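Position 18 of the sequence shown, counting from 1, maps to 27 under our numbering, and the rest follow consecutively. C-beta atoms are modelled at their ideal positions from N, C-alpha and C, and glycine is treated no differently. Note that the structure is predicted; figures quoted are calculated from it, not measured. Down below is the structure, laid out as structure tokens.
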Amino acid sequence: MTTSAKMTGMMIKNMSFKVGQTLTIVGVPKPDATNFAVNIGPNEKDITMHINPRFNAHGDENAVVCNSYQDGIWCEEHREGGFPFSLGEEFKVLIEFTPTEFVVSLSDGSLIHFPNRMGAEKYSFISFDGEVRITSFEIK
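If you want it as structure tokens, here you go:
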């Protein structure tokens, strides 16, 4: 297994996340977490959907920041939705993959609409980074 500086958590490779499917993630941020991230993309180098709940990181407090990472460059940050995350408490996030966007449902009922910037109909790489323990994930 290869890792780079930014990929330090759990990685899922050669899995198929396709248009029309929903990814459900359940996890618990560590009691002293500053932030964590869920990354979805075609491979380890590019990220089409980066979801980064920040408790206190990168100048943000209690914000969910979404972005894409292509050709070694972060794209434009996208901020939307609430912040239903608590340190040490379980969360559930649903990511619905439509032909044009990812619709992220947070546990407080708020939604994040993030464009499918790479335009693919299927992604095969998912990773989890930062101070979080993922207890389950399911695609259906």
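* On the three-state DSSP scale, how would you describe MET58? -> strand
* Asked: So, using beta-carbon positions, are ILE143 and GLY36 closer together than 7 Å?
  -> yes
* To do: Let me know the secondary structure DSSP gives ALA14 once reduced to three states.
  => Note that ALA14 scores 38 on pLDDT, short of 50, meaning its location in the model is unreliable; the coordinates nonetheless yield the value given after this. DSSP places ALA14 in coil when its eight states are reduced to three.
* Would you decide whether SER38 is buried or exposed? Buried here means 16 or more other CB atoms lie within 10 Å of its CB. => One point to set straight first is that residue 38 is Pro, not Ser, in the sequence displayed. Answer is buried; the Cβ neighbour count reaches 16.
* To do: Decide if the region 87-94 is in contact with the region 60-79; the criterion is three or more beta carbon pairs, one per stretch, under 8 Å apart.
  => yes
* Use the C-beta contact count for LEU96: other C-beta atoms within 10 angstroms, 16 or more gives buried, fewer gives exposed. => exposed
* For the beta strand (DSSP E) that contains SER136, what are its first and last residues? -> 134-139
* Asked: Among the residues of its own chain, which have a CB less than 7 Å from the CB of GLU130, if the five just before and after it don't count?
  -> LYS27, VAL28
* Identify, in the order they occur along the chain, each residue of the same chain with its Cβ nearer than 8 Å to the Cβ of PRO51, setting aside the five sequence neighbours on each side. => THR57, MET127, ALA129, TYR132, SER133, PHE134
* Chain-order list of residues whose beta-carbon lies under 6 Å from that of ILE60 (same chain, five-residue window excluded) -> VAL47, CYS75
* Asked: What is the residue span of the beta strand (DSSP E) that CYS75 lies within?
  -> 69-79
* In or out: GLY139 buried (at least 16 other Cβ within 10 Å) or exposed? -> buried
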